[in-house]
Amino acid sequence: MTNSLNYGDNLDKYKNLIPKEVEKHLPLYKALICQISDVQDKLEKNFYRVPDLEKLKQAVLDGKIKPAKYSIIEEVSGGYHLVKFSDFFETEFEKIIVNLQRIEKDLVPGKYAEYIQALISAFKNNNFIDPYKKWVQLTTLDYPVDFIILPTEPDLDKVFDSILSFDASLRVHAPNFLSYKVEEDYIKYLTSAVKTLPRLSEIHYGFSEDALKLQIRVDYNIYSAGVHFKRRFYGQNLPNEREFVINWGSKIIVYKNLVDEFSSNGASELGSKVFDNYTLTSEELSRAVSEKLLVHEVTESLMKFEGDSARLGKSYFKVREMNAEMSGIKNYILFLLKLEDSARGMHNLATAYILSALDYYRRKHAPEDRSAHYHGYMAAINYFAEKGGIKFVEGNKLTCDTKIILKSISELSDILVSLLIKGTQQEAQDFFEKYSSEDLPKRALNIK
Ligand SMILES: [Zn+2]
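Take the working numbering: the final residue in the sequence shown is number 557, and no numbers are missing along the way.
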């Protein structure tokens, strides 16, 4: 039986959004996602089936064994060898295959059916790259919901960063999200966002020719399990590997159910507590946070430069994530400026950013919890404060000056783009060090 801690079910909440043709397969999708939850559980405890992990690390360093995607490492009579997922999970995978075949036989021929067929093969022959590629390229026109049960992230392998973790979800589009004007306007926005980013990567060139190489979804999770369920990312862009993005394109997902939860559970309350004059409704907050996520993911998927991660070393993730935030918002503002009533939208965006930063600090400021996102949020709010964009007034409440904040975001974007293109690890480290003070969030949140 599935551990309910690792599986999410929102069917009751979003039932009326399920397309007719998908309805009859819901029990099969649910079973599949539960099965992945079990696989993921077992996987985490079995990445390294060795008595001495330090010894294994040394063996990898010495080149005696090379960790591989979709395999676990086992030690047998003193020697290390790789065991394919499909061999290790043989019984589990057989059951998954049966359920996939049940769905597949009802599908009309087309890209979605081909994707499900590729999944069936992958669970037999361990080649998960093929369905992964097909999944990235699937659009809403191919099938009305999105479904994934694949290893996609190196997230859970803390030692070698090479073994991918399973992700699993069945999602429906959040209605009307992307059509705040009309869909054409949205494509125009994307194209203009792509055009305003520095034209230095081949990914970027590819996407300017074909904006539809970027698949963008703002979704509600019906069922979910695996790594993104555990980590509760609000947004994601896949694949992570630069070569894959160049060849396949990129798929971006904003998990609106989580953003809605964030807005209605506590974030709005936090807003009234920390800001002097907080006026955002919970819907406005949810929309602004979703927009921030969306532009983050778009920017992140486009701005991958040759050699960036090797050059920036340990600071790479911090620079990449903060650049996605700052350059994403900067470009989005250029788009917002063309709309009527852009002032309100910009105010909401600036407020939502600071609120997200404070909420993040509140939840994850213990030294062992500090992620790349943490350092980015800290650098941004300290920079805003330095420029006078956020200030304390009476009662330790904060006031924001939207104009100064947006100008600061644009300046930060310039700094980060430059780091990403030609900066060194030391320069990046110095930048984050300079803006790492915790005084502001501590005072705003009343944490000693
Ligand atoms: Zn990111």
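Think of the CB as a built atom: it goes at the ideal place given N, C-alpha and C, for glycine as much as any other residue.
Kindly indicate if chain D contains any beta-carbon less than 8 Å away from that of residue i.
i	result
residue 530	The chain inventory of the structure shown lacks chain D, comprising one protein chain alone.
Could you check if residue i is buried or exposed, using at least 16 other CB atoms within 10 Å of its CB as the buried criterion?
i	result
residue 334	buried
residue 249	exposed
residue 128	exposed
residue 456	buried
residue 134	buried
residue 290	Confidence at residue 290 is low in this model, with a pLDDT of 43, below 50, so the placement of that residue should be treated as unreliable; the coordinate-derived value is given next. With fewer than 16 Cβ atoms within 10 Å of its Cβ, residue 290 is classed as exposed.
residue 344	buried
residue 475	exposed
residue 367	buried
residue 284	exposed
residue 532	buried
residue 388	exposed
residue 188	exposed
residue 165	buried
residue 170	exposed
residue 406	buried
residue 337	buried
residue 167	exposed
residue 161	exposed
residue 260	buried
residue 443	exposed
residue 115	buried
residue 176	buried
residue 420	buried
Check this for me: beta carbons of residue i and residue j, under 8 Å apart or not?
i	j	result
residue 481	residue 427	yes
residue 408	residue 454	no
residue 562	residue 197	As displayed, the chain neither begins before 110 nor continues past 557, which places residue 562 out of reach and without an answer.
residue 278	residue 330	yes
residue 410	residue 354	yes
residue 362	residue 328	yes
residue 357	residue 210	no
residue 376	residue 458	no
residue 383	residue 507	yes
residue 505	residue 466	no
residue 225	residue 213	yes
residue 521	residue 429	no
residue 431	residue 380	no
residue 332	residue 138	yes
residue 258	residue 141	yes
residue 461	residue 401	yes
residue 281	residue 254	yes
residue 270	residue 340	no
residue 325	residue 403	yes
residue 220	residue 266	no
residue 422	residue 534	yes
residue 234	residue 195	yes
residue 439	residue 399	no
Query raised in the report: Along the chain, which unbroken stretches of the alpha helix (DSSP H) at least 4 residues long are found entirely within the segment 129 to 191?
Result: 129 to 132, 135 to 155 and 162 to 170
Requested in this report: Count the CB pairs spanning the segment 437 to 454 and the segment 538 to 557 that are closer than 8 Å, and state whether there are at least three.
Outcome: no
Requested in this report: Would you check if the segment 270 to 281 and the segment 143 to 157 touch, i.e. whether three or more CB-CB distances between them fall below 8 Å?
Outcome: yes
Query raised in the report: Which runs of the alpha helix (DSSP H) spanning at least 4 residues fall entirely within the segment 477 to 528, listed in chain order?
Result: 481 to 496
Requested in this report: Give a yes or no on contact between the segment 512 to 526 and the segment 481 to 494, applying the rule of three or more CB pairs nearer than 8 Å.
Outcome: yes
Report task. Collect the residues with a C-beta less than 6 Å away from any heavy atom of ligand 1 and give them in sequence order along the chain. Result -> 405, 409, 430 and 433
Report task. Taking only runs that begin and end inside the segment 191 to 255, name each unbroken alpha helix (DSSP H) of 4 or more residues, in chain order. Result -> 194 to 197, 199 to 213, 220 to 234 and 238 to 246
Query raised in the report: Are the segment 135 to 151 and the segment 235 to 246 touching, with three or more C-beta to C-beta distances below 8 Å?
Result: no
Report task. Indicate whether the contact test is met: 3 or more Cβ pairs, each with one atom in the segment 496 to 504 and one in the segment 389 to 400, closer than 8 Å. Result -> no
Query raised in the report: Hey, which unbroken runs of the alpha helix (DSSP H) at 4 residues or more fall wholly within the segment 309 to 376?
Result: 311 to 318, 336 to 340, 351 to 357 and 365 to 371
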